[in-house]
Structure formats: structure tokens, C-alpha cells
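Below: the structure, in C-alpha cells.
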Amino acid sequence: MGHHHHHSHQNIKTAFFLNLGFTIIELIGGILTNSVAIISDAIHDLGDSISLGMSWFLQKKSNQGSDEQFTYGYRRFSLLGALINSIILIVGSLFVLSEAIPRLWDPEVPHAGGMFFLALLGMAVNGAAVLKLKSGTSMNEKVVSWHLMEDVLGWAAVFVVSIVMFFWEFPILDPLLATLITLYILYNVIKNVKKTLFIFLDGVPEEINPTEVEKLIKAIPHVKNTHHTHIWSLDGESHVLTVHVVLEGNCSLSEAKAVKRKVKQALQRYHFSHMTVEVEFSPDDCSQETLE
1 MGHHHHHSHQ
11 NIKTAFFLNL
21 GFTIIELIGG
31 ILTNSVAIIS
41 DAIHDLGDSI
51 SLGMSWFLQK
61 KSNQGSDEQF
71 TYGYRRFSLL
81 GALINSIILI
91 VGSLFVLSEA
101 IPRLWDPEVP
111 HAGGMFFLAL
121 LGMAVNGAAV
131 LKLKSGTSMN
141 EKVVSWHLME
151 DVLGWAAVFV
161 VSIVMFFWEF
171 PILDPLLATL
181 ITLYILYNVI
191 KNVKKTLFIF
201 LDGVPEEINP
211 TEVEKLIKAI
221 PHVKNTHHTH
231 IWSLDGESHV
241 LTVHVVLEGN
251 CSLSEAKAVK
261 RKVKQALQRY
271 HFSHMTVEVE
281 FSPDDCSQET
291 LE
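Okay, so the sequence shown: first residue is 1 according to full-length UniProt numbering, each after it adds one.
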């Protein structure tokens, strides 16, 4: 798991430098082509770069182990990066919509030549960053990937519009495509926000069924019942389980230890990063002295 998290922050680091480098080129290109649209997009990409830099820092921070302040470690710092990134992306998307929708009724003729060459470069650079993050499994990587996918689709739209504008004056294409792409991005980002908030609220991971977990435990010899079964996720990848297992009254100390061992073996398929199993000899007394 630690190896994967190392790759996560390296992926975001690569995406950050690609995005920052292109933002500088884009800003210069916007000035040289005298295109306000490209300059405004460069400012948007600068915001993306700042967001990526923050994500890189938080993803790297999430690799730290536990300490006295954060006894489960820093895994949720990655999740925090995903949440902040999503908020920035939603605000940015709403801004793009506020600019694009009015232009549907009053479209402006863009600079086709400058748009064409910058669109090619934009698709190449942002596309490379998306491919780098495509295999990522952390919520942070997924949100950052959508951040960059928005730029790829945006530049693809600019590319199509620039080609059309070489032959026909059809300026409404620009705001129309921008609106459709932004709505698509918003839909996916809001889905990721819901997943991120679900994890923050300690929801049960969707791939784990608590009833099935309890059924596996109850199938172990000497187990009478279970209660206080709690399952949550630290960051969408590292899951945690705590459970109280009630044993039969005639169960010996050695049998109780064996039950604990068998519970952990039975639940190996779920790959819990933390598992606490508390055994009890009475369902009515959770304060009774138990085995660690």
C-alpha cells in the first residue's frame, strides 16, 4: 500500500510540472496572438497548477505513518486534497458556464490560427498528464485526472472550432462546446465529491457488505453472536474494521484466542489495513475484561 501511495504522489508531481510548464507557454501564446480567450484560459490553468501543487503536497503528506496526533496515519490528507480540488473545479466550471452561456446569444469570432497551434500543444501536454494519472486509484488522483481531462476536452473543442473557423465563420461553436464539456465535467466531479464526503462521514465501503462479514464470523466454531461491527475507510483504499465477538459460555481461554485468529483469517479477503477483534463471554457486558 505504501508503494502505491508513493506512485500516487509521483504521478501528481509529474502532472503538476506538465501543467505549470504549459500554463507559461499558454500565457505567452495568448499575448502573442492577442487572444483574450486564451489568456483567460491560461489564468484558469494557473489556478489548476496551484490546485495540483496542493494535491501533490497533500498526497505526499498522506504517506506519513501514525503519530501521537494522527494515530491512524495521514491517509486522509489525500482525501482532503480531493475535496479541495473538487471545490476548486466546481467553482471554475461555474465560472466557465457564466462566460460561455451568454456567448451563445452573442458569440465572438476567435483567432483561428493561434487557437489551432495552442490546441495541439494543449491536448498533447494535458493528455500526457491524464495518461499518467489514469491508472491511479486514490480519490485525489481521480479528481486531479478529471481536472486535467476538463482541459484536454476543452482544447479538443478549441481544436475543432479552429479548423471549422478556417473555412466557415461559425463562432457559436466555441461557447456551445465549452458549455457541453463543462456540464459533463461537473456531473463527474459532483459524483466524486459525493464519494469523498461519504468516506469523510465514515460510510461503509461499497465493496464490503457488513452482513456478509458478520456471517463469516458467526460461522466460526464457538462464536455465538457479533455486535458493534464498524467498517469504514481511511481514504477509499485503506479500510478499517472493529467488531465485538460474543463467545459461547463454555469457551476456554485457548479457544477464545483461536477464535480471534480464525476471525482475522476468515476476513483476509477484504484486505483490511486495521482490524480490531474484541471477544466477550457475555453479550450484556461489553466492559468485561477481554483479550487484546
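For each residue, glycine too, the CB sits at the ideal point set by N, CA and C. Predicted model only: the values in this text are computed from it and were never measured.
On the criterion of 16 or more Cβ atoms from any shown chain inside 10 Å, does residue i qualify as buried, or is it exposed?
i, result
"Arg261", "exposed"
"Lys264", "exposed"
"Trp146", "buried"
"Pro175", "buried"
"Ala119", "buried"
"Gly81", "buried"
"Glu68", "exposed"
"Lys218", "exposed"
"Ile24", "exposed"
"Ser86", "buried"
"Phe272", "buried"
"Arg76", "buried"
"Ile31", "exposed"
"Glu26", "buried"
"Gln59", "buried"
"Leu79", "buried"
"Ile28", "exposed"
"Gly114", "buried"
"Ser254", "exposed"
"Asn11", "buried"
"Ser252", "exposed"
"Glu207", "exposed"
"Gly249", "exposed"
"Glu237", "buried"
Mind checking who residue i pairs with in its DSSP beta bridge?
i, result
"Ser233", "His239"
"Thr276", "Thr242"
"His227", "His244"
Beta-carbon within less than 7 Å of residue i's beta-carbon, same chain only, minus the 5 sequence neighbours each way: which residues are those?
i, result
"Lys13", "Trp56"
"Val125", "Leu18 and Phe22"
"Val130", "Ser145, Leu148, Met149 and Val152"
"Gln64", "Gly73 and Tyr74"
"Ala112", "Ser162, Met165 and Phe166"
"Val46", "For clarity, residue 46 is Leu in the given sequence; the question names Val instead. The answer, listed in chain order, is Thr23."
"Ser49", "Phe16, Asn19, Leu20 and Thr23"
"Ala42", "Thr23, Glu26, Leu27 and Gly30"
With a threshold of 8 Å on Cβ separation, who are the neighbours of residue i within its own chain once the five nearest residues in sequence on each side are excluded?
i, result
"Tyr72", "Ser66, Leu234, Val240 and His274"
"Ile90", "Leu186, Val189, Ile190 and Val193"
"Pro210", "Val204, Thr229 and Ile231"
CB-CB under 6 Å to residue i, same chain, minus the five flanking residues each way: which ones, in chain order?
i, result
"Leu83", "Thr196"
"Thr276", "Thr242"
"Leu177", "Ala157"
"Ala266", "Leu216"
"Phe16", "Leu52, Gly53 and Trp56"
"Gly122", "Trp155"
"Asp202", "Trp232"
"Phe281", "Leu247"
"His227", "His244"
"Phe159", "Ala119"
Indicate, with yes or no, if the ligand FMN has a heavy atom lying under 7 Å from the CB of residue i.
i, result
"Glu278", "The ligand FMN is not among the ligands present in this structure, which contains no ligands whatsoever."
Uninterrupted alpha helix (DSSP H) stretches inside the segment 141-179 (no shorter than 4 residues)
Taking only runs of at least 4 residues, no alpha helix (DSSP H) segment lies wholly in the segment 141-179.
Within the chosen definition, does the segment 203-218 reach the segment 93-102 through at least 3 CB pairs nearer than 8 Å?
No, they do not touch.
So within the segment 54-129, which uninterrupted alpha helix (DSSP H) runs reach at least 4 residues, ignoring any that extend past its ends?
DSSP runs (the alpha helix (DSSP H)) wholly in the segment 54-129: 76-103.
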